[in-house]
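One structure below.
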């Protein structure tokens, strides 16, 4: 319960600081929308030159994208740790984190959350309903339940991957520029994995399992029965990768030696 | 001049000290290009070419676009914003150099480092696995070299402008993110400009973004030939000069109404 009340306190503080710089907040929400539009434009432009992407139609690809936006919004709201190395390790800020009476990762999450990213859930649902109605999809009673489960699983997969990457900084405090490119690799999970060759498909399924934040769970709602097995695995993968990252974090924190001043 | 060259050298050495992690970056980069290759192969399907680019040219285009990005990309807008927020900029301004020039030189040092320790080995690795098309014509390489220098200047100028904006709006994260998204989309990094519908293309001609990534990548993959190359390079040069004006105006205004927030 202690964690919950701290969380609520931080949310309150967060809203206050955001309201101080209102113009920046508006620009930030706009830039999020723009970011979501970029990928949509990519899909639209590409389908201006072709009708099918290895058997998947434009609306199906758009639907996958809409689904992807929801777990991604959750992820970017709470796990904003792409600059963890610069912000906490190089500057020695982690010293301060470690003196706090709650788990260090939880403290970092509290400090770095960006609640306005939650707006992506709305965009994602809008895109899904748009594409879904074009495809004539129907909603069964269990669909919303599975949707929530898949979304949580997907967000945990993302969180797991990025926390694991952030823990590298505990062992080596040099800068890596792999985070932005990792975001880009995340995009490939949104396309039907059968277009890739064996190696890439394997990587996207088991090593950097971004396919579980896009095509696999979305295929369930698109009634692609051949992918159901993978779709059901989504929450399992999420829990596994997230636990792995916590495990790595807990070891890594003990290796932190403190840099900066 | 000497102090600026020294800045390039210092930043280069600073990056060199931390070079090991760049090797992991190369692997991630290779996965990235590989996935693009298959994605574009699927998009092409049975088609020979789209908008005059074959699938091999397309892969070359994407691979080069990301490699060139390693050179022209920098975070000086974030550095400037942070220094303004922490109040360090006050000290920077009384030092005997031009603040913006110094930032540009630091960015160049970083760019040169990434070019040699990331782009070149990465490109070599990727070309072993995937069918990329390298031109045998030394002129193409020369033009490409000039072109990415211009890309660096234009991208850095845009970064400087975004950075200076922090003087006026204090918290600048949203604007910086918007800028990054706009550049990714309209510079031709993820899609060649020629793939967009006609009205969008003619709209983009009024902005400097396509001269950051589209032009060098098209020159390298030989999507541009002959007169087209010259025209593109001239436009790049023109934008470099043109963008100096808003930077100067913003800089003068910023210095006048500067508020040091901390420090």
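Residue numbers (this note's numbering), protein chains in the order written: chain A, 1 to 261; chain B, 262 to 524.
Glycine residues also receive a C-beta, built at the ideal position from the N, C-alpha and C atoms.
### Query
Relative to chain B, which residues along the region 176 to 191 of chain A have a C-beta separation below 8 Å, given in chain order?
176, 177, 178, 181, 182, 184, 185, 188, 191
### Message
If you reduce the DSSP assignment to three classes, tell me which class residue 315 of chain B lands in.
### Response
strand
### Query
Can you list, in chain order, the residues of its chain whose CB lies under 8 Å from that of residue 171 of chain A, leaving out five sequence neighbours each side?
252, 255
#### Entry: Endpoints, the alpha helix (DSSP H) within which residue 32 of chain A is located
It spans 22 to 47 - the alpha helix (DSSP H) in which residue 32 of chain A sits, taken as one unbroken run.
### Query
Do you know offhand how far residue 121 of chain A's Cα is from residue 73 of chain A's?
Between residue 121 of chain A and residue 73 of chain A, the C-alpha separation is close to 6 Å.
### Query
Between residue 162 of chain A and chain B, is there a C-beta pair that is closer than 7 Å?
Among the residues facing chain B, residue 162 of chain A is not included, as its CB has no counterpart in that chain under 7 Å away.
### Task
Give the residues from the region 424 to 439 of chain B that approach chain A closer than 8 Å (Cβ to any Cβ), ordered along the chain.
Closer than 8 Å at the C-beta level to chain A, one finds these residues of the region 424 to 439 of chain B: 430, 431, 432, 433, 434, 435, 436, 438, 439.
### Query
List, in order along the chain, the chain B residues whose C-beta lies closer than 7 Å to that of residue 48 of chain A?
458
### Task
Please list the residues of the region 51 to 79 of chain A that have a C-beta atom closer than 7 Å to any C-beta atom in chain B, keeping them in chain order.
53, 54
### Query
Residues in its own chain within less than 6 Å of residue 449 of chain B by CB, not counting five upstream and five downstream?
471, 474, 475
### Message
Does the CB of residue 286 of chain B have a neighbour CB from chain A at under 7 Å?
### Response
yes
### Query
Given that a residue counts as buried once 16 or more other Cβ atoms are within 10 Å of its Cβ, and exposed if not, what is residue 180 of chain A?
exposed
### Task
For the region 27 to 43 of chain A, enumerate the residues whose C-beta is nearer than 7 Å to any C-beta of chain B, in chain order.
27, 28, 30, 31, 34, 35, 38, 41, 42
### Message
If you measure between the beta carbons of residue 480 of chain B and residue 391 of chain B, is that distance less than 7 Å?
### Response
Residue 391 of chain B is positioned such that its CB atom lies no closer than 7 Å to that of residue 480 of chain B.
### Query
What number of angstroms, rounded off, separates the C-alpha of residue 65 of chain A from the C-alpha of residue 190 of chain A?
Roughly 6 Å separates the two Cα atoms.
### Cβ-based burial, residue 17 of chain A [other Cβ within 10 Å; buried from 16]
exposed
### Message
Let's test the definition: count the other Cβ atoms within 10 Å of the Cβ of residue 524 of chain B and tell me whether it reaches 16, buried, or not, exposed.
### Response
Because residue 524 of chain B carries a pLDDT of 48, less than 50, the predicted location of this residue cannot be relied on, and the following value inherits that uncertainty. With fewer than 16 Cβ atoms within 10 Å of its Cβ, residue 524 of chain B is classed as exposed.
### Task
Please compile the residues from chain B whose C-beta is within a distance smaller than 7 Å of the C-beta of residue 197 of chain A.
Within 7 Å Cβ-Cβ: 299.
### Rounded C-alpha distance that separates residue 274 of chain B from residue 370 of chain B
8 Å
### Task
Look up residue 137 of chain A in the DSSP assignment and say whether it is helix, strand or coil.
Assignment of residue 137 of chain A by DSSP, reduced to helix, strand and coil, places it in the coil class.
### Message
Using 7 Å as the threshold, is the C-beta distance between residue 326 of chain B and residue 375 of chain B below it?
### Response
no
### Task
Compare the beta carbon distance of residue 157 of chain A and residue 258 of chain A with 7 Å and say whether it is the shorter of the two.
no
### Query
Around the Cβ of residue 462 of chain B, are there at least 16 other Cβ atoms within 10 angstroms (buried) or fewer (exposed)?
exposed
### Task
Pick out whichever of A:113, A:107, A:60 has its Cα sitting closest to the Cα of residue 214 of chain A.
A:60
### Query
Can you round the beta-carbon distance between residue 77 of chain A and residue 117 of chain A to whole angstroms, since I take them to be within the 8 Å contact cut?
4 Å
### Query
Three-state secondary structure (DSSP) at residue 491 of chain B?
helix
### Query
Given that residue 23 of chain A touches chain B, what residues does it touch there, using C-beta distances under 7 Å?
From the beta-carbon of residue 23 of chain A, the residues of chain B found nearer than 7 Å are 430.
### Query
Counting along the chain, where does the alpha helix (DSSP H) carrying residue 413 of chain B start and finish?
399 to 425
#### Entry: Rounded C-alpha distance that separates residue 458 of chain B from residue 518 of chain B
43 Å
### Message
Tell me the DSSP secondary structure of residue 95 of chain A in three-state form.
### Response
helix
### Query
Apart from the five residues just before and just after residue 88 of chain A, which ones in its own chain have a Cβ nearer than 6 Å to its Cβ?
94
### Listed by chain order, chain B residues near residue 200 of chain A by CB distance under 8 Å
292, 295, 296, 299
### Message
Here's a check: name, in chain order, each residue in its chain whose Cβ is nearer than 6 Å to the Cβ of residue 365 of chain B, leaving out the five neighbours to either side.
### Response
417
### Within-7 Å CB hit, residue 442 of chain B to chain A
yes
### Task
Give the secondary structure of residue 524 of chain B by DSSP, where H, G and I count as helix, E and B as strand, and everything else as coil.
Its pLDDT being 48, under 50, residue 524 of chain B is placed unreliably by the model, and the measurement read from it follows with that caveat. Coil.
### Task
Would you kindly report the start and end of the unbroken alpha helix (DSSP H) that includes residue 57 of chain A?
No alpha helix (DSSP H) contains residue 57 of chain A, which DSSP labels as neither H nor E.
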